[in-house]
Amino acid sequence: MSEEAEEEEIKGIVRVAGRDLKGERSIQAALSGLKGVGPSMSKAILTAAEIKGDRKVGSLSDEQVKGLEKILEDPADHGVPKWMLNRRKDYETGEDKHLIGGDIEMTEREDISREKDMRSRRGIRHQRGLPVRGQRTRSTGRKGMTVGVEREKLKEKSEEEEEE
């Protein structure tokens, strides 16, 4: 009978930080499924919230979910070390932040467009579609149609048609 009572307490879906998490997953695995939260960050968040990582997401109370969301908004204020944050010394504010979900993509787009506007080396490489971080371009990283291979395929097709 205690197993039935436990199953009733577990919710199917729990909403954390704007994402639906499956209730049967462990909390640590489910948090690492959020964009911007990896396994070590999820462990640090759970340590700050004083929740065991092997518990199921559906077994969390509403207060614990709200506590997790508060910690996710600003982990540095709740005891997570600053070196674990993914946006340290923000360009505009100079603060240490931790971004999650769509905020990451939005700030990345803003950073790239700012570099393009400044006409920095990285911005120019972004504009031209070339590798930005020093990778080689002599043999790899080629984009677009490869002319030689296409011509050979066309030759083979035309030869086959002539033979028939």
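Start counting the sequence shown at 3; every next residue gets the next number (the working numbering).
Cβ coordinates follow ideal geometry from the N, Cα and C atoms, glycine included.
Compare the Cα-Cα distances from Arg116 to each of Ser61, Gln129, Gly104 and report the closest residue.
Counting from one through the sequence shown, the residue named residue 116 turns up at place 114. Looking from the CA of Arg116, the closest CA among Ser61, Gln129, Gly104 belongs to Gln129.
Compute the distance between the beta-carbons of Lys68 and Gly55, then report whether it is under 8 Å.
For the purposes of this step, residue 68 is taken as residue 66 along the sequence shown, with counting starting at 1. For the purposes of this step, residue 55 is taken as residue 53 along the sequence shown, with counting starting at 1. The Cβ atoms of Lys68 and Gly55 do not sit closer than 8 Å to each other.
Under 7 Å Cβ to Cβ from Glu110, same chain only, skipping five residues before and after it: list those, please.
One-based indexing of the sequence shown puts residue 110 at position 108. There are no such residues.
By the three-class DSSP mapping on this structure, what secondary structure does Ser42 have?
Here the question's residue 42 lines up with position 40 in the sequence shown. Looking at Ser42 - three-state DSSP - the assignment turns out to be helix.
What do you reckon, are the CB atoms on Ala51 and Leu70 nearer than 8 Å?
Against the sequence shown, residue 51 aligns to sequence position 49. Against the sequence shown, residue 70 aligns to sequence position 68. Yes, the pair counts as a contact, with Cβ atoms nearer than the cut-off.
Would you list the one or two residues that DSSP bridges to Ile15?
As a working note, residue 15 is residue 13 in the sequence shown. DSSP lists Lys24 as partners of Ile15.
Test item: CB-CB of Arg57 and Ser34 under 8 Å:
Position 55 of the sequence shown, counting from 1, holds the residue named residue 57. Position 32 of the sequence shown, counting from 1, holds the residue named residue 34. Taking a C-beta distance under 8 Å as the contact criterion, Arg57 and Ser34 do not qualify as a contact pair.
Thinking C-beta only, is Met120 closer than 8 Å to Met86?
Indexing the sequence shown from 1 puts residue 86 at position 84. Indexing the sequence shown from 1 puts residue 120 at position 118. In this structure, Met120 does not lie closer than 8 Å to Met86 by Cβ.
Can you grab the Cα-Cα spacing for the pair Gly125 / Glu112, in whole Å?
As a first step, residue 125 is located in the sequence shown; it is residue number 123 there, counting from the start. As a first step, residue 112 is located in the sequence shown; it is residue number 110 there, counting from the start. Spanning the two alpha carbons is a distance of roughly 12 Å.
Quick one: measure Cβ to Cβ for Arg21 and Gly103, integer angstroms, because I've assumed they're closer than 8 Å.
The residue you call residue 21 lines up with position 19 of the sequence shown. The residue you call residue 103 lines up with position 101 of the sequence shown. Arg21 to Gly103, Cβ: 7 Å. Contact.
Leu132: buried (16+ other C-beta within 10 angstroms of its C-beta) or exposed?
Within the sequence shown, residue 132 is the residue found at index 130, counting from 1. Counting Cβ neighbours within 10 Å, Leu132 comes out exposed, since fewer than 16 surround it.
I'd like to check one pair, Val82 with Ile114: are the Cβ atoms closer than 8 Å?
For the purposes of this step, residue 114 is taken as the residue at position 112 of the sequence shown. For the purposes of this step, residue 82 is taken as the residue at position 80 of the sequence shown. At the C-beta level, Ile114 and Val82 stay beyond 8 Å of one another.
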